[in-house]
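Here the structure comes first, spelled out in C-alpha cells, and everything after it is commentary.
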Amino acid sequence: MRRQRIAVLVVALGVLTAGCAGLTGDGDGGTTAAETTDAGETTDAGETTDAGGTTGATTETDDRGPAELRDDAVAAMDDVETYRIAVEQEVVVSGPVAQRQTQSTTGVFDRQNRELQLDTTAESGARTSQQSIWVVDRTQYSRSDQYVQQFGSRWVEVDVSDNFSRYWKFQDTMTRQQAVLENATTLELAGTETVNGTDARVLRADVSSEDYKDLAAGLFGVDGESRVNITVHRANFTFYLATGTDLPVRTEAQINTTLSTRGQEVDQNVSMTIDYHGYGEPASIELPEEAESAVNLSNRSTGSPALAAGVDSGGSAHVPAADAGNDRWASPPVAAVPEAVASEAVRTGTAG
C-alpha cells in the first residue's frame, strides 16, 4: 500500500503539468515587466480567429495588468462549452533508470455534457504505443492493442460515476488552466505573440513549490503525510491569451521535481505545450460499437476517482497500455493492478 501511495504521488505531480497548480495565490502580487512596452497591445480589426481573437494591423491599447487579465481569462473560460486540444510532452527521468518519454495527444471536450475523447501516441526508447479514450455516460472506455494479452480484449472500461464531479475536474484541461491561473503566486506580462494565426497576450504564471505539491495530494485523495519526500523545484507556466476573448490559444509548462525514497532519488523534468482550438464547435462524442466488448475494471479501483481510470500528464484522461513492467505507457491502469504498477513505477522511476 505504501508503494502504491508513492506511485500515486509521483503520477499526480506529473498530471498537474497539464494545468493544475497551487491552492493559494496573492491575486495582485504579480510583476509587469512588459507592461510599459508592448504588453498591452491588442488587435480589433481583421479576421476572426478560431480562438475568438482577431488578427490585423489596427491596434488599440490594452492597459490591463497581469492580475486583471488573469481574472478576465478565468471568467472567459467559465463560458467555454466545447473545445479541442493538441498536446506535445517530453518527460526526462533520471535515477535508478534514466529514460526519455514523449507523448502526443489530440482530443475534444464537451464540458456541457461532461464527455471527452482523446487519442494518444507515446514513445519511450524503441517502444511506441497508441491509446484512445472515451468518457461517455460517466464511464471511461479505453482502447489499445496491448490490452489483448492481459484482458483478452482491446477495450477496457471503468465506472467513474462515484464522485464524478471530482473526476471531471481532474480530466477537464480547461478547468486545470483556470486552477493554475487562480492560484499563481507570481504573474508577469511578457508582450504579445501570434500563435497559430491568433494574436495573443503572453502571461507568465509561476506556482510556489509547496502549493503545487500540496494540490497533488488533495486532488487525488492521497495522504499528505506520506513518508516519501517530494521536492518541486520549478512549476512555471506561460499562457497565450487571445486578444478580444482572453481564451487560451496555448499553454506551455515546465515542471521539475525530485522524489526521494529508501535512499534513492528520481528526478523528473517535464516540458509541455498545449494548443487549443475549436471553441464552441459541435462536439458529438460517440462510442464505437466495439466498446461493447470492453472488460470492466471498475471493481479494482484504487478509491481515487482520477486514478481509477488511469492518468495522463499530457492532455487529460489516459489509460496506459497493458504490458506492465516496461514503461508508464506500457502498463495497465492503476485501477487494474495497483500494486504491480506502483512497485514497477517506484523501482524504475518511470511513473509520472
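Residue -17 is where the sequence shown starts when you use the working numbering, and the numbers rise one by one after that. Quick reminder that beta carbons are idealized off the backbone N, C-alpha and C, glycines included.
Collapsed DSSP secondary structure at residue i in the structure displayed
i    : result
S190 : coil
D101 : strand
E63  : coil
R216 : strand
D53  : helix
N281 : helix
A58  : helix
A80  : coil
A273 : helix
S86  : strand
CB contact flag (residue i, residue j, <8 Å)
i    : j    : result
A182 : V231 : yes
Q99  : E63  : no
T233 : I256 : yes
Y65  : M156 : yes
W116 : Y129 : no
Y149 : E139 : no
G134 : V277 : yes
Q85  : A68  : no
T239 : H215 : yes
T213 : D193 : no
V74  : N281 : no
D101 : S114 : yes
R52  : L163 : yes
Buried versus exposed call for residue i [16 or more other C-beta atoms within 10 Å across all chains shown]
i    : result
Q246 : exposed
T227 : buried
Q83  : buried
N211 : exposed
Q131 : exposed
R186 : buried
S266 : exposed
P48  : buried
T121 : buried
D60  : exposed
A57  : exposed
S106 : buried
D309 : Note that D309 scores 29 on pLDDT, short of 50, meaning its location in the model is unreliable; the coordinates nonetheless yield the value given after this. Under this definition D309 is a buried residue.
Alpha carbon of residue i to alpha carbon of residue j, nearest angstrom
i    : j    : result
N145 : D119 : 14 Å
E272 : R125 : 10 Å
V189 : Q159 : 12 Å
N218 : S275 : 42 Å
D141 : E175 : 42 Å
A80  : R109 : 15 Å
R96  : E268 : 13 Å
L169 : D54  : 14 Å
Q112 : Q153 : 19 Å
T43  : Y261 : 25 Å
S253 : S76  : 15 Å
V263 : Q236 : According to the sequence provided, residue 263 is Glu. The question's Val does not apply to it. Roughly 30 Å separates the two Cα atoms.
V177 : D45  : 21 Å
E70  : V90  : 15 Å
L241 : V248 : 5 Å
A224 : S143 : 35 Å
T87  : H259 : 14 Å
S191 : P270 : 42 Å
E72  : E50  : 32 Å
S147 : P78  : 37 Å
K195 : D92  : 29 Å
A161 : L279 : 30 Å
V184 : K151 : 25 Å
Which full runs of the beta strand (DSSP E) of 3+ residues lie inside the stretch 223 to 270, going along the chain?
230 to 243 and 246 to 259
Entirely enclosed beta strand (DSSP E) segments - the stretch 105 to 169, minimum 3 residues
109 to 118, 121 to 125 and 137 to 141
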